[in-house]
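These notes concern the structure reproduced below.
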Amino acid sequence: MKVLAINGSPRKKWNTAMLLENALEGAASLGAETELIHLYDLTYTGCTSCFACKVKDGKSYGKCAVNDGLAPVLEKIPEADALILGSPIYFGTVSGQMRCFMERLFFPYRTYTKPPRSLFGKKIPTAFIYTMNVSEKQMKEYNYTVHTAQNESLLNHTFGHSETLCSYETLQFPDYSKVIFSYFNPEKRKERRKTVFPKDCEKAFDLGVRMGKASLFEPYE
Ligand SMILES: Cc1cc2nc3c(=O)[nH]c(=O)nc-3n(C[C@H](O)[C@H](O)[C@H](O)COP(=O)(O)O)c2cc1C
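What follows is the structure, encoded as structure tokens:
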């Protein structure tokens with residue numbers, strides 16, 4: 008069993024990456040082989056609208072034909088037994104690199120038919136982990152949930168059952184005294200890092216276990 012996690016944060020050791028690592032540890036506890044890919048290590052674009060993935064009898068039908076730094080990652084997706092995406096919230100939605108990745112990931116697998124179908128060819132459990140500055144209440148007020156629900160639905164339709172996990176009011180800076188930051192309370196942030204974030208890491212671990220179980224023994228559908 009191979010579980011793939013994709014980090015859409017430029018930071019390789021911060022909130023999003025830590026939660027993804029915990030999810031992978033959960034899957035590894037069931038014996039899964041795991042891999043964490045950092046999108047910001049790669050040079051690539053979003054979908055270029057070449058439509059090679061849509062050409063009748065074309066050699067790239069159902070596959071992204073763009074040959075850049077993301078191509079090797081997209082080639083790994085059909086081999087995965089579970090897929091976990093992770094992104095910080097940037098201006099109300101996922102990071103730019105994650106957005107470009109998602110265009111290249113989803114578009115080739117989606118048929119332009121009514122209803123749209125998935126060309127992925129099998130069902131695998133999926134999840135999306137988000138980290139953000141705002142609270143759960145603010146997330147709803149600012150309509151971030153429109154994006155997270157849409158992403159859950161895309162993952163669901165393309166690959167299989169999808170879960171969403173959010174970590175709120177994360178620690179953004181290692182040392183708040185060095186930055187101009189009065190929007191949120193830094194002391195509360197540091198406290199949450201010690202009290203709430205470890206629980207989020209546990210939730211991520213448990214999510215990884217559920218995904219491992221779903222791909223090994225108990226498929227969701
Ligand atoms: C460019 C940028 C835009 C951001 N926009 C938002 C936002 O709209 N809402 C929010 O709650 N947090 C926002 N944040 C905060 C991050 O989502 C938050 O610090 C996140 O946990 C960072 O993830 P990381 O530690 O994995 O890098 C933004 C951060 C940056 C750098």
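Residue 8 is where the sequence shown starts when you use the working numbering, and the numbers rise one by one after that.
The beta-carbon is built from N, C-alpha and C at its ideal position, and this holds for glycine as well.
Source: prediction; values computed, not measured.
| request: Work out the CA separation of residue 22 and residue 138 for me, nearest whole Å. | output: Mapped onto the sequence shown, residue 138 falls at position 131. Mapped onto the sequence shown, residue 22 falls at position 15. C-alpha separation (whole angstroms): 7 Å.
| said: I'd like to confirm something about residue 95: is its beta-carbon nearer than 7 Å to some heavy atom of ligand 1, or not? | reply: Residue 95 sits at position 88 when you count from the first residue of the sequence shown. Because some heavy atom of ligand 1 lies under 7 Å away, the Cβ of residue 95 counts as near it: yes.
| message | Let me check understanding here. Comparing Cα to Cα, which of 204, 220, 162 lies closest to residue 178? | response | Translated into the one-based positions of the sequence shown, residue 178 becomes position 171. The shortest C-alpha separation from residue 178 is found at 204.
| DSSP three-state call for residue 153: helix, strand or coil? | Residue numbering aside, residue 153 sits at position 146 when the sequence shown is read from its first letter. Helix.
| Cβ neighbours of residue 161 in the same chain (closer than 6 Å, five flanking residues each side left out) | Counted from its first residue, the sequence shown places residue 161 at position 154. Taken in chain order, the residues that qualify are 113.
| request: Report yes if the C-beta of residue 104 is less than 7 Å from at least one heavy atom of ligand 1; otherwise report no. | output: On the sequence shown, residue 104 is found 97 positions in, with the first residue counted as 1. Incorrect: residue 104 has no Cβ contact closer than 7 Å to ligand 1.
| task | Name the two residues that bound the continuous alpha helix (DSSP H) containing residue 114. | result | Residue mapping note: residue 114 aligns to position 107 of the sequence shown, counting from 1. Counting along the chain, the alpha helix (DSSP H) containing residue 114 begins and ends at 103-116.
| residue 56: buried (16+ other C-beta within 10 angstroms of its C-beta) or exposed? | One-based indexing of the sequence shown puts residue 56 at position 49. Exposed, because fewer than 16 other Cβ atoms sit within 10 Å of the Cβ of residue 56.
| message | By DSSP's criteria, residue 43 is part of a beta bridge. Which residues make up the other side? | response | As a working note, residue 43 is residue 36 in the sequence shown. Residue 43 is bridged to 12.
| From residue 18 to residue 102, what does the alpha carbon distance come to, in whole angstroms? | Start at 1 with the first residue of the sequence shown, and residue 18 comes out as number 11. Start at 1 with the first residue of the sequence shown, and residue 102 comes out as number 95. About 12 Å.
| query | Would you say residue 12 touches ligand 1, meaning its beta carbon is less than 7 Å from a heavy atom? | reply | Counted from its first residue, the sequence shown places residue 12 at position 5. No.
| If you measure from the CB of residue 76, is any heavy atom of ligand 1 nearer than 7 Å? | Stepping through the sequence shown from its first residue, residue 76 is reached at position 69. The answer is no for residue 76.
| said: If you follow the beta strand (DSSP E) that residue 90 is in, where does it begin and where does it stop? | reply: The residue labelled residue 90 in the question sits at position 83 within the sequence shown. Unbroken beta strand (DSSP E) run through residue 90: 89-95.
| Among 150, 167, 115, which one has its Cα closest to the Cα of residue 59? | For this step, residue 59 is matched to residue 52 along the sequence shown. Considering only alpha carbons, the answer is 115.
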